[in-house]
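Take a look at the structure set out below.
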Amino acid sequence: MKKLIIIFVCLFLLYSLRLLAVSAYPWPVIITQPDGTKITVIQKGDEYMHWLESIDGKMLICNNKGFVTYAMTDQSGNVVSSQIIAHNVSQRTTAETQFLSTLPQKVFYSASLINAIMKAANIQREQAFRTSSVPAGNVKILVVLMAFPDTTFTITSTAYNNLFNQQGYNTNNSEGSVHDYFTANSYGKISMSFDVYGPYTSKHPYSFYGTDTGASGTDQYPDSLVYEAMVDVHKANPSLDFSQYTGIHVVFAGHGQEFSGVKSSAIWSHEGYITPPSYSTITRYAMTSELYGNYAYSPTINTIGVVCHELTHILGAPDFYDTDYNNNGDGQYTGTGEWDLMGEGNWNYTGTNNSGTCPADINMYQKIQFGWVTPTRLDSTQQIANMPNSEQNAVAYVVRTATQNERYILENRQQLGFDAGVPGHGLLIYHAAQDVNDIFYDINITHPQKMYPVCASSTSAQPSAIVNSYGNINSAGCPFPGMSNKTSFTNLSVPAILSWNGNYNNTPITNITENATQHTVSFDYMTGIDIAPAPPVLTDTLQNHQLLLTWTKPTGWPLIADTTSEQHWDGTCSSSYLSYNTKVNIICAQQFSSSVLSSYVGKTWAAVRFFPADSSATSYNLQLYTVSGTTATNIASQPISGIKPNSWNTFFFSQPDTIAANTTYAIGVSYTSSKGYTLMMDNGPAYESNGNYGDLIFPYSTTTAPHSLTFIKVGSDANYGFDINFSVRGLINLGPPLSYNVYHNNTLIGNITSLKDTIAIPTNGTYCIKTVNAGIEGKNEACIDYVAANIDTTDTSKIYVFVVDHIVTVHGIAAGDLIQVYSPLGILYKAFTATSTQEIFTLPAGFWLVKIQKTVRKVVIP
Numbered sequence: 001m002k003k004l005i006i007i008f009v010c011l012f013l014l015y016s017l018r019l020l021a022v023s024a025y026p027w028p029v030i031i032t033q034p035d036g037t038k039i040t041v042i043q044k045g046d047e048y049m050h051w052l053e054s055i056d057g058k059m060l061i062c063n064n065k066g067f068v069t070y071a072m073t074d075q076s077g078n079v080v081s082s083q084i085i086a087h088n089v090s091q092r093t094t095a096e097t098q099f100l101s102t103l104p105q106k107v108f109y110s111a112s113l114i115n116a117i118m119k120a121a122n123i124q125r126e127q128a129f130r131t132s133s134v135p136a137g138n139v140k141i142l143v144v145l146m147a148f149p150d151t152t153f154t155i156t157s158t159a160y161n162n163l164f165n166q167q168g169y170n171t172n173n174s175e176g177s178v179h180d181y182f183t184a185n186s187y188g189k190i191s192m193s194f195d196v197y198g199p200y201t202s203k204h205p206y207s208f209y210g211t212d213t214g215a216s217g218t219d220q221y222p223d224s225l226v227y228e229a230m231v232d233v234h235k236a237n238p239s240l241d242f243s244q245y246t247g248i249h250v251v252f253a254g255h256g257q258e259f260s261g262v263k264s265s266a267i268w269s270h271e272g273y274i275t276p277p278s279y280s281t282i283t284r285y286a287m288t289s290e291l292y293g294n295y296a297y298s299p300t301i302n303t304i305g306v307v308c309h310e311l312t313h314i315l316g317a318p319d320f321y322d323t324d325y326n327n328n329g330d331g332q333y334t335g336t337g338e339w340d341l342m343g344e345g346n347w348n349y350t351g352t353n354n355s356g357t358c359p360a361d362i363n364m365y366q367k368i369q370f371g372w373v374t375p376t377r378l379d380s381t382q383q384i385a386n387m388p389n390s391e392q393n394a395v396a397y398v399v400r401t402a403t404q405n406e407r408y409i410l411e412n413r414q415q416l417g418f419d420a421g422v423p424g425h426g427l428l429i430y431h432a433a434q435d436v437n438d439i440f441y442d443i444n445i446t447h448p449q450k451m452y453p454v455c456a457s458s459t460s461a462q463p464s465a466i467v468n469s470y471g472n473i474n475s476a477g478c479p480f481p482g483m484s485n486k487t488s489f490t491n492l493s494v495p496a497i498l499s500w501n502g503n504y505n506n507t508p509i510t511n512i513t514e515n516a517t518q519h520t521v522s523f524d525y526m527t528g529i530d531i532a533p534a535p536p537v538l539t540d541t542l543q544n545h546q547l548l549l550t551w552t553k554p555t556g557w558p559l560i561a562d563t564t565s566e567q568h569w570d571g572t573c574s575s576s577y578l579s580y581n582t583k584v585n586i587i588c589a590q591q592f593s594s595s596v597l598s599s600y601v602g603k604t605w606a607a608v609r610f611f612p613a614d615s616s617a618t619s620y621n622l623q624l625y626t627v628s629g630t631t632a633t634n635i636a637s638q639p640i641s642g643i644k645p646n647s648w649n650t651f652f653f654s655q656p657d658t659i660a661a662n663t664t665y666a667i668g669v670s671y672t673s674s675k676g677y678t679l680m681m682d683n684g685p686a687y688e689s690n691g692n693y694g695d696l697i698f699p700y701s702t703t704t705a706p707h708s709l710t711f712i713k714v715g716s717d718a719n720y721g722f723d724i725n726f727s728v729r730g731l732i733n734l735g736p737p738l739s740y741n742v743y744h745n746n747t748l749i750g751n752i753t754s755l756k757d758t759i760a761i762p763t764n765g766t767y768c769i770k771t772v773n774a775g776i777e778g779k780n781e782a783c784i785d786y787v788a789a790n791i792d793t794t795d796t797s798k799i800y801v802f803v804v805d806h807i808v809t810v811h812g813i814a815a816g817d818l819i820q821v822y823s824p825l826g827i828l829y830k831a832f833t834a835t836s837t838q839e840i841f842t843l844p845a846g847f848w849l850v851k852i853q854k855t856v857r858k859v860v861i862p
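According to the UniProt record's numbering, the sequence shown is numbered sequentially starting from 1.
Below, the structure is given as C-alpha cells:
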C-alpha cells in the first residue's frame, strides 16, 4: 500500500506554465481543515496545471477562508469554489450529498483555458526539444544551491554533493546517487558528474519566484532564480568555464509545490530553457527543491527521483504520462506509469522508504532513442532463452508490425537495483505507434496511447478509448507471464499482438516463462508461422502465345525486415524563415547525390519527415524528383493531410519508388503558403552534403505544373558557409521488399519483385508462386495448371485442370476417382465420381478449389 501523508495546510488550486515538469505526488494525503476536520485528497496533474480530487473523484478547490470545498463552474465556465466544505464520503451530510447530485458528473477547467495553456506550453516545450541533444561519455552538470532571504538552507552542500556524485549513496536508504542512476541506465554510455556551488542567497524572497500569478497561475519568476544562480557562480568564480556544462540544475531552499500541501507561493520542480548571461553557454536548466515532502516532515534532504526526472528532460526525453489534464474528456491515462522514470516511476520506493529513493529505470523505447541500447530485431522463427534483465543488461528485442515504423519493444524488467520498486517483474512489452518519434509533448494524452506497456492482465484484445481498457498498468499483472500467468501474445490472445489499424501481426510470442532465481525470461517467436504466405489469387492469360501469370500480394505477412534509415540528420532546429512576402507555392526538398545513395541502390524511398512552421499552409504533397544538373524532374507526387505545424511529421509513400544506380534524387514536400513561405531551419552543426549543399527550394507559380522545375541551391552563399537544412529528411527502406519465386513442375525458374511474370515459351505443367520475405521462402504456394492447345490426351501420367470460359476440363484421372469442388471458404459445392480419364463440367464465376485424390488446383472462372 502507498504511504499516506498527513498535512495541516490547504493547497490552493492553481495551474502554471513552464517547459517540462514532474508529475504531482501521486498518492493520497490527509488535509486538516481550519475547523479541525480531516479529508483525504489526491493531487493530480503537473506543474502546468494541477488540482485536488476527493477519493471518489470530486474536484476540490480552496476558498478564501482556507477550507477545501467542492469546485463548481460559474456562468462563464470558470472553476470557482462552491463554498460547500468538502468531507470524506462516509462523513458527508444529506445536504452535502444532495448538492453534489446537482453538479455535472465531471467539473473541470474549460477547454478554452486548457488549450490556451497547452498551446503556450507546447511552443516552449518544442523549443526545448529542438535545442536538445543526447550527450555521450563524460557529461558535466552545474549544480547551484539557492537560498532566499526568508528561507535558508537546512541541508549542507556536502550532503547535496553526495546526493549527486557519491557512488553507492544510501542516505535515507536511497538506491544510489544521481550519478549512479545515469551510469546504470545508460549501461556506462555516459558518466555524469556534478560541480556543486553555493548556497547563495537570492535577491528576493521565495514567494517572488514561486507565487502563482495570472490567468494560468504561472510561477512568477523561477527562471530569474536560475539566471541569478549563474551570476552568483560567476562572481565567486570569474574564471569558471561554463561551456563545459551540458546544463544547470538549481536546488532551491525549502519545499517544492509538487508535494501535496505545499503553499501555492512555492516553486514547482521543472525543467526549462533560459537565455544565459554573456559569459555562459548554458541554455537548459532544471530545478528541484532542497527538502522532501511538505511541512509535516522534519527537514529531510530530497530524494533523487524528481532530480533524475528533470535531468532526463535536459538530455532530451519527453514526459510519458498523460499531460493534457483530461482535456480530451477521455479520462486520465496511465501512460508508462510506475515502470518508467518519465511516467510516474520517479516516485518509486521500496518498503517504508521515502518516495523517490528508488526511481524506476527509463523506459526501453527512450533508452533506444538515446543510443544506450541497440535492440535485436526478431525476424525469423527462433527461441529466445534466458533473456537477461534490462536493469543490468543492454538487451531488448523489437517486433515490427505491417504498419511502417509501428513496433513492439520487449525488455525483461526485474525488481533489482533501481527497478526494485517497480510494480512487478517479467517480460514487459511496449507498443510504440508509427508516429511516436514525431511527438514530443503529447505522447500519451489520449487514445491511442503512442508508447505504453501492454498490460498482460488486460481483458481487452486491443485497447479502446476507455481508459480501463488498457488494463491495470501499475500492477504486477502488467508484464508477461506476470500475476495473470499470460504465457502468449498472439493474434488471438487477450491482449493480442495487433497493429493499431486492427490487423493481425502474425508474429506470435509464445511459451513465455520466467526463471525467478536467475531473473531471466524465455519465449518462442513465430513458432509454426509461415512468414511468407502464398499469394491469395493466381491467374493465367495467353497473350500472343506467351503465358502471363498475375497474382495478388499476400495479406497479413509479418514485416520482419523492413526498417528505415533517416538520411542527413545533421543537428537540431531553430526558428528561422525565408519569405517571399506573398502567397506562393513552395517545394522544400533534400537532395541526395548518387554517391551518397550508392549503398542503397535497390532499396526504396519509404517516407518524408519534415517540420513545418506555417500553420496556415495548405495543399501538402509528398514529392520525389530525379535531379540532373539544375533540373529536377518529378517522378512521384502524393497528396497528404493531417499535417501538424510546429511538430515533426512523417508520411509514407503508398507506392515506394526503388532507388536506381547513378541517380541523384530530391525528396520533400510541396505546399501553398499564404505567408510567402516559412519553415523551420537547422542551426547546426555545419554539414555540407558532399559539396552540393543538398537542400533545394522550389518556388513555382500556381499555374506551373511542378513536374519539371529549376531548383535554387540554398546555403551556397558565402554569407552562410554551411548547409541550411530546412528540416526535410528522406527515409529509406533498408529491408528488402517481398519477392516471389516462380516454379514450373517444382523447378525454380525465376525470382521477381513485381506481381506478374511472362513465360515466353510456356510448356505443359504446373506453375507455382512462392513468396520470399527477407530472403526466407514461404511454406505454401499458389499453383495453376497450364495445358497447351495440342495436349496429348493419351498422356495419363499427370493430372491437369484447365478452363475455357466456364468449362472446366480435368485430364489424367482414372475412372472411379472422386472429384470435389470447394469454395474458398471450404464449403463443398459439387462432388462426383469420374467415369473415364477425362471429365468436363461447368462452374459459375468465382474462385474454386478442385480436388482429385491428393491433388488440389485453384480455378478462376471469369
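We put the beta carbon where it would ideally sit given N, CA and C, even for glycine.
Using the beta-carbon count (16 or more within 10 Å), is Thr-527 buried or exposed?
So Thr-527 ends up on the exposed side.
Give me, in chain order, the residues of the same chain whose beta-carbon lies closer than 7 Å to that of Phe-153; leave out the 5 immediate sequence neighbours on both sides.
So the qualifying residues of the chain are Leu-145, Ala-147, Pro-199, Ala-253, Glu-290.
With H, G and I counted as helix, E and B as strand and the rest as coil, what does DSSP make of Tyr-677?
Per-residue confidence for Tyr-677 stands at a pLDDT of 44, beneath the threshold of 50, marking its modelled position as unreliable; the derived number appears in the next sentence. Of the three classes helix, strand and coil, the one that applies to Tyr-677 here is coil, per DSSP.
Please go through the UniProt domain "Peptidase M6-like" (249-372) and give each complete alpha helix (DSSP H) segment of 4 or more residues, from N-terminal end onward.
Entirely contained in the UniProt domain "Peptidase M6-like" (249-372), the alpha helix (DSSP H) runs reaching 4 residues are, in chain order, 304-315, 364-370.
Only counting the same chain, and skipping five residues up and downstream in sequence, which positions put a Cβ closer than 6 Å to that of Phe-841?
These residues qualify, in order along the chain: Val-808.
Since Met-192 sits in a beta bridge, which residues does DSSP pair it with?
Bridge partners of Met-192: Val-139.
DSSP three-state call for Asp-219: helix, strand or coil?
Correct three-state label for Asp-219: strand.
Using 8 Å for Cβ pairs, my map puts Val-505 next to Asn-491. What's the rounded Cβ distance?
The residue asked about is misnamed: residue 505 is Asn in this sequence, not Val. Right, their Cβ atoms sit about 7 Å apart.
So if DSSP puts Thr-809 in a beta bridge, which residue, or which two residues, is it bridged to?
Looking at the DSSP assignment, Thr-809 forms a beta bridge with Phe-802, Ile-840.
Just tell me which of Thr-766, Ser-157, Gln-166 has its CA closest to the CA of Ser-191.
With distances taken between Cα atoms, Ser-191 lies closest to Gln-166.
Measuring alpha carbon to alpha carbon, tell me which of Thr-507, Asn-474, Ser-157 ends up nearest Ser-488.
The candidate whose alpha carbon is nearest that of Ser-488 is Thr-507.
Kindly identify the DSSP beta-bridge partner or partners of Tyr-786.
Per DSSP, Gly-765.
Count Cβ pairs between the region 478-486 and the region 459-467 that sit closer than 8 Å; are there 3 or more?
No, the region 478-486 is not in contact with the region 459-467.
Considering only residues of the same chain and omitting the five flanking positions on each side of Phe-208, which have a CB-CB separation below 7 Å?
Excluding sequence neighbours, Phe-208 sits near Gln-220, Tyr-221.
In whole angstroms, what is the alpha-carbon distance linking Tyr-245 and Thr-281?
Each residue's alpha carbon lies about 8 Å from the other.
Here's the rule: buried if 16 or more other CB atoms are within 10 angstroms of the residue's CB, otherwise exposed. What is Asn-170?
So Asn-170 counts as exposed.
Starting from Glu-514, follow the beta strand (DSSP E) in both directions and report where the run begins and ends.
509-515 is the extent of the beta strand (DSSP E) around Glu-514.
Going by the DSSP bridge assignment, what does Lys-38 pair with across the sheet?
DSSP output for Lys-38 lists Thr-32 as bridge partner(s).
Indicate the three-state DSSP secondary structure (helix, strand or coil) for Ala-236 in the structure shown.
Looking at Ala-236 - three-state DSSP - the assignment turns out to be helix.
Quick check: the region 402-414 against the region 381-392, are at least 3 beta-carbon pairs closer than 8 Å?
Cβ pair count under 8 Å is three or more, so yes.
In its own chain, which residues sit with a C-beta less than 6 Å from the C-beta of Asn-354, not counting the 5 before and 5 after it?
Taken in chain order, the residues that qualify are Asn-172, Tyr-292, Thr-303.
May I ask you to verify whether the region 306-316 touches the region 420-429, counting CB pairs closer than 8 Å and requiring at least 3?
Counting Cβ pairs under 8 Å, fewer than three are found: no touch.
Taking only the alpha-carbon atoms, compute the straight-line gap between Gln-369 and Leu-315 and give it to the nearest angstrom.
Each residue's Cα considered, the two are about 11 Å apart.
Looking at the unbroken alpha helix (DSSP H) that takes in Ala-95, where does it start and where does it end?
Segment 94-101, the alpha helix (DSSP H) holding Ala-95.
Give me the Cβ distance between Asp-419 and Asp-361, rounded to the nearest whole Å; I'm assuming they're in contact under 8 Å.
The Cβ separation is near 5 Å, so the contact holds.
Beta-carbon separation of Ser-269 and Tyr-206 under 8 Å?
Taking 8 Å as the Cβ cut-off, Ser-269 and Tyr-206 do not qualify as a contacting pair.
Applying the 10 Å Cβ sphere with the 16-neighbour rule, what's the burial state of Asn-745?
Per the 10 Å Cβ criterion, exposed.
Which residues does DSSP list as the beta-bridge partners of Glu-411?
Bridge partners of Glu-411: Leu-428.
So, are the CB atoms of Tyr-349 and Thr-336 less than 8 Å apart?
Contact: no.
So what does Asp-524 bridge to, in DSSP terms?
Beta-bridge pairing links Asp-524 to Gln-383, Thr-510.
Determine, using beta carbons only, whether Ile-667 and Ala-589 come nearer to each other than 8 Å.
Yes; because the gap between Cβ atoms is below 8 Å, this pair is in contact.
Considering only their Cβ atoms, is the gap separating Thr-40 from Ile-61 smaller than 8 Å?
The answer is no: Cβ separation not under 8 Å.
Kindly indicate which three-state DSSP category Asn-745 falls into: helix, strand or coil?
Coil.
Note down the Cα distance separating Tyr-693 from Pro-656, rounded to an integer number of angstroms.
With a pLDDT of only 36 at Tyr-693, under 50, the local geometry of the prediction cannot be trusted, and the value read off the model is given with reservation. Rounded to whole angstroms, Tyr-693 to Pro-656 spans 25 Å at the Cα level.
Check this for me: beta carbons of Tyr-625 and Asn-634, under 8 Å apart or not?
A contact, by the Cβ cut-off of 8 Å.
From Trp-500 to Ala-286, what does the alpha carbon distance come to, in whole angstroms?
Answer to the nearest angstrom: the Cα atoms are 36 Å apart.
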